[in-house]
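Trainee: Got a structure for you, questions after.
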Amino acid sequence: MKEKKRNYQIMSGELAEIIEWFESDKVNLDEAVSRYEQALKLISEIEVYLKSAENKIKKISTKFE
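If you read the sequence shown in my numbering, its first letter stands for residue 740, the second for the next number, and so on.
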């Protein structure tokens, strides 16, 4: 079954949770590496999402110029 595409709010919320974890006193090295990888993946996904949104907005804007 194909995974449902996540929206910006969900992805940014997940990233915020990871950042909060790093700011807590619960950090251990093994989990830190895993969460760092997760954060990088989320950042990449967010960048793609935002670029897509920007392109859609530009496309819509050109229709009304």
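Where a beta carbon is used, it is the ideal one built from N, C-alpha and C, also for glycine.
Following the continuous alpha helix (DSSP H) through residue 769, name the residue where it begins and the one where it ends.
Mentor: 768 to 802
Trainee: Look up residue 763 in the DSSP assignment and say whether it is helix, strand or coil.
Mentor: coil
Trainee: Which value, in whole angstroms, describes the spacing of the CA atoms of residue 784 and residue 804?
Mentor: 31 Å
Trainee: Taking 8 Å as the threshold, find out whether the region 747 to 757 comes into contact with the region 774 to 793 through three or more Cβ pairs.
Mentor: yes
Trainee: Answer with buried or exposed for residue 768, where buried requires no fewer than 16 other C-beta atoms within 10 angstroms of its C-beta.
Mentor: Exposed, by the Cβ-count rule.
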